[in-house]
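Contents: one structure, followed by commentary.
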């Protein structure tokens with residue numbers, strides 16, 4: 019399975035977008051699933067379901083920070099900007115509400131929606147998780 023397929027599977031098993039992307043890279047980070055789940059839970063839904071920066075981008079940022087945090091702030095920021103730029107080039111935005119086609123004034127309650135067949139059908143989130151993890155995997159492979 020590709021990293022993208024792994025991330026998509028995590029999302030479709032009930033993890034949020036940020037968790038799904040980050041969990042696909044547990045082996046590379048040397049972290050347990052339990053720790054990664056807990057540390058990334060608040061980034062889902064565009065940061066606490068506020069529909070801001072897409073949780074998949076936050077998940078990529080989390081992984082980059084874990085893998086390359088010792089390289090210094092400027093280097094990590096450049097890496098984050100590179101993967102975010104790739105994601106935006108593919109999707110037109112890195113903002114959750116834009117990706118979901120929501121009104122900019124829409125501020126949903128913090129309670130996540132039930133994960134039903136209709137939920138998965140109407141949202142691009144599964145594919146965004148897949149794409150983000152594949153972008154990140156390609157980026158990491160080219161760092162070596």
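Numbering (this note's numbering), first residue to last: 19 to 162.
Where a beta carbon is used, it is the ideal one built from N, C-alpha and C, also for glycine.
Can you give the Cα-Cα distance for residue i and residue j, rounded to whole angstroms?
i: residue 56; j: residue 104; result: 27 Å
i: residue 131; j: residue 155; result: 29 Å
i: residue 33; j: residue 92; result: 31 Å
i: residue 112; j: residue 27; result: 21 Å
i: residue 22; j: residue 82; result: 16 Å
i: residue 64; j: residue 159; result: 27 Å
i: residue 110; j: residue 146; result: 12 Å
i: residue 141; j: residue 61; result: 18 Å
i: residue 120; j: residue 70; result: 11 Å
i: residue 75; j: residue 125; result: 20 Å
i: residue 123; j: residue 68; result: 10 Å
i: residue 90; j: residue 118; result: 34 Å
i: residue 46; j: residue 149; result: 18 Å
Which residues does DSSP pair with residue i in a beta bridge?
i: residue 71; result: 113
Residue i by DSSP, collapsed to three states: which one?
i: residue 147; result: helix
i: residue 99; result: helix
i: residue 124; result: coil
i: residue 37; result: helix
i: residue 161; result: coil
i: residue 45; result: helix
i: residue 63; result: coil
i: residue 76; result: helix
Considering only residues of the same chain and omitting the five flanking positions on each side of residue i, which have a CB-CB separation below 8 Å?
i: residue 51; result: 41, 44
Tell me whether the beta-carbon of residue i lies closer than 9 Å to the beta-carbon of residue j.
i: residue 88; j: residue 128; result: no
i: residue 114; j: residue 73; result: yes
i: residue 20; j: residue 152; result: yes
To which residues of the same chain is residue i closer than 6 Å at the C-beta, ignoring the five residues directly before and after it?
i: residue 157; result: 101
i: residue 54; result: 40, 41, 44
i: residue 137; result: 131
Between residue i and the rest of its own chain, which residues show a CB-CB distance below 7 Å, the 5 nearest in sequence each way excluded?
i: residue 98; result: 79, 82
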